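FYI, the numbering for the sequence shown is 0 to 595, going by numbering that gives the first Met the number 0. All residues carry an ideal CB built from backbone N, CA and C; glycine is no exception. Please read these numbers as outputs of a predicted model, since none were measured by experiment.
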Amino acid sequence: MPAASTLSTPAPAAPRGNDFLGHPKGLYVCFFTEMWERFSFYGMKALLLLYLLKYHLFGDDAGYDLIGAYGGLVYAVPVIGGLLADRYLGMRKAVVLGGVLLVLGHLGMAYEGHAAKLVNGVVVRDETALQVFYLSLALIIGGVGFLKPNISTIVGKLYALDDPRRDSGFTLFYAGINVGALFSALICAFLGETYGWKYGFGAAGIGMIAGLAMFLWGQRYLHGHAEPAEPARLREKVGPAAFKLSRELWIYLGTALGVLVLWGTIQVASQVTLAIGSLSFTAALGIMLATLLVFLIWFFGFIARGCDRVERERMLALVILIFAVLIFFTLYEQTYGSWVTFNDRLMTKDMFGMALGQYSPTLPWSLFSMALSPPLMIAALTASDRGRDGLAKALVGVLTLGLALATAHDVVLVPQTAGSLTYLGAFFIVVLAPLFSWLWPWLARKGRNPSKPLTMSLGLIFAGLSFLPLMAAAKVSGGGEMASVWYLVAAYFILEVGEMCLSPIGLSAVTQLSVARVVGLMMGAFWLATAFSEVLAAQFAKIASVEIPEGGAIDMAAASVKYGELFSMLMWLGIGSGVLFLLLAPLLKRWMHGLK
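Have a look at this one:
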């Protein structure tokens, strides 16, 4: 296959019949690969905090610290994965390597060991099971590091720089992420909390196998964009005379060593507190700060020596936009932290009053519809290749209808839990994605498409406003009754409007504003911002930590006050930062030098 094209020139002309439903067929390969990767990732994440608190009996602070350290590392490592893909591996090999690591990690999570128990007031845990758990997290961190930045970069390479479908393509790709997240909660959380944690985690691993298979099958639709830029350099023998191996093999061996390092790092990062004078912070935050320092040294050196004025200002605009991403996801990641514990402890779960109290815990319908989605999509693309567009569209219709019916059944008739209700975020993204995918091109045709900085500032404001319903819910629960789950539904809806404004547009900005030769690294920097947000989100969530006495009931009034204070603080953080970026929007638009 030809070398991957760079982003400094338009994509080569696509072969006849390359498009399907208005977009390159390669987009749907990336869509389904990312859908299954996110199914596995968010399926595990929906269970993670509850698993720590209820199975291994972690306290709130320790649970938040671990999910913060894990989240920080899982989004920091893409800086390395993007760099290695840019310079050596190419995106196909990087995605496959990441997929294999993810499969191993998620399947490792299925090993439970023995549940923790209290003996004379002391928590006794299965240390072997915990070490397998930490190793599994390390494998997942490494896997995301290779897969996440590179699958997004492939999407960018499928479109020419001036292709008006570019933003709408990223919006559809982002919908794929959220289709996976939606069904991961309905399937993995259901299996984990109904049959046992191992079944939820195991389902996540099987989902990743499906994603990897879809990516390998669909290579012909990527037209060489994912191949190494210099294959000969990758095969070159390097190293000491007695141990000369190909550069590619050295990368794989280094990756294995890196997983072992991460195995120890996740434990240190979540359990060790660093102190500088009167200031104390978790080791995870220290690692994030060190990573940021290295990135900033490289970044300012690169734009000073390797960029002209236009490239320099575009890169500066990009970094400022990435900072907006950091703030947004600090707020967003409460959905897997404080929102989960608040919902679990102080809110009702049944939205429609139709869930059957004696519902027999059979397999969710979503499991069957998701299992059928890869063969249906493969059949649709194959039919399109053969000129049978009517059949292809009908198959996509069947796929969509099946997913919709399964969702309706699992949402309305199956009793929900705090873990499964995390599907709400992804549900609203899936519902809103077609609207926003239509909205951006329509505004562009009218000459009214808002700039990326303006759109992202609106995303921050909506993120802040999403905490208003939860503040109202905290007042209700403070009176001694469980707050309605509809407060949570309203919060998710507002938050996801903000996410649709910010996150897919942010991904598109990376591929558009970055200098082509470092686009993978800058995509890694995008996820580095998300890494910081995970750690910061955990530190904020600890404001609302509740220590429940052994055998005791939660003090609803005291807990509600804590949650209310946290939600109020984050509301003002979102609105205030959104207004600040709104004021910066004209300057950032000038620095983009005409790019939309």
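Within its own chain, the residues whose Cβ lies closer than 7 Å to the Cβ of His592, once the five positions on either side in sequence are excluded, are Val309, Glu312 and Arg313, listed in chain order. Within the DSSP bridge table, the entry for Lys53 names no partner. Ser365 carries a helical assignment under DSSP once its states are collapsed to helix, strand and coil.
Excluding the 5 residues flanking it on each side, Gln415 has same chain C-beta neighbours closer than 6 Å at Lys348, in chain order.
Judged by their CB atoms, Val154 and Pro77 are not nearer to each other than the 8 Å cut-off. DSSP, read as helix, strand or coil, puts Ile275 in strand.
Leu100 is positioned such that its CB atom lies no closer than 8 Å to that of Gly71. Note on geometry: alpha-carbon atoms of Ala174 and His55 lie some 34 Å from one another. Using a 10 angstroms sphere on the CB of Arg589, the tally of other CB atoms stays under 16, which defines it as exposed.
A straight line joining the alpha-carbon of Leu20 with that of Lys92 spans about 28 Å. The distance from the Cβ of Met470 to that of Phe566 is about 5 Å, consistent with a contact at the 8 Å cut-off. In terms of Cα proximity to Ala323, the closest of Phe145, Lys53, Met455 and Tyr158 is Met455. Comparing alpha carbon positions, the residue from Lys53, Asp85, Arg164 and Leu138 closest to Val122 is Lys53.
Linking Ser513 to Leu594 through their CA atoms gives a straight-line distance of about 11 Å. According to the DSSP secondary-structure assignment, Leu20 is paired through a beta bridge with no residue. For Met568, the secondary structure class from DSSP, reduced to helix, strand or coil, is helix. When Cβ pairs closer than 8 Å are counted between the two stretches, the stretch 333–352 is seen not to touch the stretch 385–398, the count staying below three. For Tyr74, the closest C-alpha among the options Gly478, Leu259, Ala473 and Phe145 is that of Phe145. For Thr381, same chain residues with a beta-carbon under 6 Å away, outside a window of 5 residues either side, do not exist. For Ser245, the secondary structure class from DSSP, reduced to helix, strand or coil, is strand. Pairwise C-beta distances place the stretch 41–52 out of contact with the stretch 235–255, as fewer than three of them are shorter than 8 Å.
Burial check for Arg444: the Cβ neighbour count within 10 Å stays below 16, so the residue is exposed. Straight across, the Cα-Cα distance linking Trp338 with Met499 is about 20 Å.
Where Lys451 is concerned, there is no enclosing beta strand (DSSP E), although the alpha helix (DSSP H) around it starts and stops at Lys451 to Leu464. Sixteen is the threshold: since fewer than 16 other Cβ atoms of the shown chains lie within 10 Å of the Cβ of Met568, the residue is exposed.
In this structure, Leu284 is the residue among Leu284, Leu325 and Leu464 with its C-alpha nearest to the C-alpha of Val271. Looking from the CA of Met369, the closest CA among Leu136, Phe31, Leu292 and Asp59 belongs to Phe31. When the beta-carbon positions are compared, Tyr491 and Gly418 stay at least 8 Å from each other.
For Leu117, the enclosing beta strand (DSSP E) covers residues Lys116 to Val118.
For Gly389, the number of other beta carbons within 10 angstroms of its own is below 16, and it is reported as exposed.
In its chain, beyond the 5 residues on either side, Phe38, Tyr41 and Gly42 have a beta carbon closer than 6 Å to the beta carbon of Ser183.
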